[in-house]
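**Student:**
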Amino acid sequence: MRQVLTLIADPAAFKMDDAVAKTTRAALADLGAQTAPADWLVPGIACDIGFDGLNDDQAQAAVAKALAGLPVDIVAQEVEGRRKSVLVADMESTIIQQEMLDELGDLVGARERIAAITHRAMNGEIDFKGALRERVALLAGLDAGVLTDMIGRITYMPGASTLIATLKKHGVYCALVSGGFKTFTAHVRETLGFDEDQANDLIAEGGKLAGTVFEPILDKDAKHQALIRIAAAKRVPVAASITVGDGANDLPMLLAAGMGVAYHAKPSVAAQARARIDHGDLTALLYIQGYRAEEIVVA
């Protein structure tokens, strides 16, 4: 079969059974597709169904309708080139559970104000650069040492450590590219084992945050360019990359990659991305690439 449709469940919340796979095959067959028997990558969690005779969008739509109401993610793609050589990941609300500017807002009594701006920027309602400058200005006067202190608030998304450990074992180059701040991306890179990190830098003067950020600001275009640069440096086509993010500033790199994954993303982002994960954890990126249980490094 030239194409494959992958069903993915949240390992912590729902176990699929053969009935789900049977319903999926029937939905594809009803539209005239030929299907292969279900191939369980991880029993109950991830299942591949090979098919021919439909395009990816038709297959996903048919199966989404058939499985409506079930907490199952659906990704259809060509089998050839499924496994990628490069991962470029957003950090905040993707690899980690926090938006660190919102956390910093706690220290100046402006968390709600900053979080509201963050939400609008990530949903593409306002310009990212302007939103970043506005939020950073509220931090003026804070002791620069608070950045290191705030590392203690970082918690990782379920599956994050397993994702990176598995990809690294299989020779995938992993980059963390964030519109957030270098203090935090450096820590996450070192903790999880990313190969590199890129982010913005806050300006400090006399040990205090100045309320400004070094230019140029790393925004959606810079993320896209980072993807292109990394692929070129690794001597692979951009089609050999997988990207993951949740916000509007991730869209260009999601759309450019061979597989762009909107992870528990803002509605406007999920609607445009090549793949969307609304239920599964970050190990979903492994199943999308066809990794099987015995290939996965649980970390």
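All the letters of the sequence shown, read from the start, carry residue numbers 1 to 299 under full-length UniProt numbering. Glycine is no exception: its CB is placed at the ideal position from the N, C-alpha and C atoms. Just so it is clear, the structure is predicted and the values come from calculations on it, not from any experiment.
Is it the case that the Cβ atoms of ALA199 and GLY211 are separated by a distance below 7 angstroms?
**Tutor:** Inclusion of ALA199 and GLY211 in the CB contact set at 7 angstroms is not warranted, their separation being larger than that value.
**Student:** For GLN289, tell me which candidate among GLU78, MET16, ALA29 and ALA62 has the shortest Cα-Cα distance.
**Tutor:** GLU78
**Student:** Please name the residue in LEU107, ALA262 and VAL86 whose C-alpha comes closest to that of ASP149.
**Tutor:** LEU107
**Student:** When burial is assigned at 16 or more other CB atoms within 10 Å of the CB, is LEU87 buried or exposed?
**Tutor:** buried
**Student:** Start and end of the alpha helix (DSSP H) containing GLN225?
**Tutor:** 220-233
**Student:** Considering only the beta carbon of each residue, do ASP48 and ASP39 sit closer than 7 angstroms?
**Tutor:** yes
**Student:** Spatial neighbours of LEU255 within its chain, please: CB distance less than 8 angstroms, with the 5 preceding and 5 following residues excluded, ordered by chain position.
**Tutor:** GLN272, ALA273 and ARG274
**Student:** Just to confirm my understanding: we take LYS15, look at its own chain, exclude 5 residues before and 5 after, and list those with CB closer than 8 angstroms. What are they?
**Tutor:** ALA9, GLY44 and ILE45
**Student:** Closest to LEU163 by C-alpha separation, out of ALA293, VAL20, ASP201 and HIS119, would be which residue?
**Tutor:** ALA293
**Student:** Taking 8 angstroms as the threshold, find out whether the segment 87-101 comes into contact with the segment 151-166 through three or more Cβ pairs.
**Tutor:** yes
**Student:** Looking at the structure shown, is ARG274 part of a helix, part of a strand, or coil, going by DSSP?
**Tutor:** coil
**Student:** So, ARG189 versus ASP197, is the Cβ gap smaller than 7 angstroms?
**Tutor:** yes
**Student:** Can you list, in chain order, the residues of its chain with a C-beta nearer than 7 angstroms to that of GLU134? Leave out the 5 residues immediately preceding and following it.
**Tutor:** ILE117
**Student:** Where does GLN77 sit, in a helix, a strand or coil, going by DSSP?
**Tutor:** Three-state DSSP puts GLN77 in a strand.
**Student:** With a Cβ-Cβ cutoff of 7 angstroms, do THR191 and ILE296 count as a contact?
**Tutor:** no
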